[in-house]
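The structure under discussion appears below in the form of structure tokens.
In the numbering used here, the protein residues as written are 3 to 105.
In structure tokens:
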């Protein structure tokens, strides 16, 4: 990050918030390097989104959940672009496109 700069990610910015109708929290399914089935593992690299910068305390607030949501929004936008160019796009087309983009 830099000298004397601290980056923090609160645990609420890692896990999906509990839903009222569900008793336990769960990770939202995601794609790419952000996919995780539990707590983040030490030693592995993850993408985070900067959600707060505090120059006076030299701290940066990070969010794993926000990074996952940003990737999901990008994927939705890509799908929308694909369906605009082809009025006969099917779910199979979307799945093939998704598989091709992960290779």
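Heads up, the beta-carbon is just placed ideally off N, CA and C, and yes, glycines get one too.
{"Asked": "Does DSSP put residue 51 in a helix, a strand or coil?", "Found": "strand"}
{"Asked": "Report the option in 82, 5, 49 and 55 whose CA atom is closest to the CA atom of residue 72.", "Found": "49"}
{"Asked": "Quick one: what does DSSP say residue 62 is sitting in, helix, strand or coil?", "Found": "strand"}
{"Asked": "Cβ atoms of residue 10 and residue 63: under 8 Å apart, would you say?", "Found": "yes"}
{"Asked": "Can you tell me whether residue 116 is helix, strand or coil according to DSSP?", "Found": "Nothing in the structure corresponds to residue 116, since the chain is present only between 3 and 105."}
{"Asked": "What residues are listed by DSSP as bridge partners for residue 99?", "Found": "Answer by DSSP bridge pairing: none, since residue 99 is not bridged."}
{"Asked": "Would you check if the distance between the CB atom of residue 60 and the CB atom of residue 8 is smaller than 8 Å?", "Found": "yes"}
{"Asked": "For residue 17, which option in 46, 69 and 6 has the closest C-alpha, if you only look at C-alpha atoms?", "Found": "69"}
{"Asked": "Give me the Cβ distance between residue 84 and residue 99, rounded to the nearest whole Å; I'm assuming they're in contact under 8 Å.", "Found": "6 Å"}
{"Asked": "Residue 78 to residue 65, Cα distance in whole Å?", "Found": "20 Å"}
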